[in-house]
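Sequential numbering of the sequence shown, starting at 19, is according to our numbering.
Note that beta-carbon positions come from the ideal geometry of N, C-alpha and C, so glycine has one too.
Here the structure is a predicted model, which means the values were calculated and not measured.
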Amino acid sequence: MVVRRVMPIIHAEAPQGRSREFYGLLGLEEVMNQGWIMTLASPSAPTAQVSFMTSDKTAPVNPDFSVEVDDVDAVHAAVRESGAEIVHPLCDEEWGVRRFFVRDPNGRVVNVLSHR
Numbered sequence: 019m020v021v022r023r024v025m026p027i028i029h030a031e032a033p034q035g036r037s038r039e040f041y042g043l044l045g046l047e048e049v050m051n052q053g054w055i056m057t058l059a060s061p062s063a064p065t066a067q068v069s070f071m072t073s074d075k076t077a078p079v080n081p082d083f084s085v086e087v088d089d090v091d092a093v094h095a096a097v098r099e100s101g102a103e104i105v106h107p108l109c110d111e112e113w114g115v116r117r118f119f120v121r122d123p124n125g126r127v128v129n130v131l132s133h134r
């Protein structure tokens, strides 16, 4: 398995424009905006990213962070075999990712995904 990036998700109450402006001061630019989630990234290091989420549109809980992997199906199988709690089932999302959520030993919800 190859990890492509690990990305924090900030649960945002402030309007996205304010976060975009503030983090723009640090050199981050908007690379995705679904309305309920916005991702900013460094133009010089595109895997350096942070997302801001009001609430997850298609899942029952908000994840704490994301881990992008090269083969989400293999990771899902390994996680299921380990007995870890799957919080949101493996599914294909309309915005081009295949993902599932799993709870880590500290109670954090991890969004594990691959782009299709």
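Can you round the beta-carbon distance between residue i and residue j to whole angstroms, since I take them to be within the 8 Å contact cut?
i	j	result
Ala-63	Leu-46	About 10 Å; that fails the 8 Å criterion.
Arg-38	Met-25	Not confirmed; about 16 Å, so no contact.
Glu-103	Arg-126	Incorrect: roughly 11 Å between the Cβ atoms, too far for contact.
With DSSP as the reference, identify every bridge partner of residue i, one or two as the case may be.
i	result
Ala-59	Glu-47, Gln-67
Ser-132	Arg-116
Three-state secondary structure (DSSP) at residue i?
i	result
Ser-138	One cannot answer for residue 138 here, as it falls past the ends of the chain, which runs 19 to 134.
Glu-103	coil
Glu-39	helix
Val-90	helix
Arg-126	coil
Val-20	coil
Taking the CB atoms as reference points, tell me whether residue i and residue j lie closer together than 9 Å.
i	j	result
Val-21	Asp-82	no
His-106	Arg-116	no
Gly-114	Arg-98	no
Val-87	Leu-131	yes
Ile-28	Ser-84	no
Determine, for residue i, whether the minimum Cβ-Cβ distance to residues of chain C falls below 9 Å.
i	result
Ala-95	This model lacks chain C altogether, as it is built from one protein chain only.
At a cut of 8 Å, does the segment 66-78 reach the segment 88-96 through at least three beta carbon pairs? no
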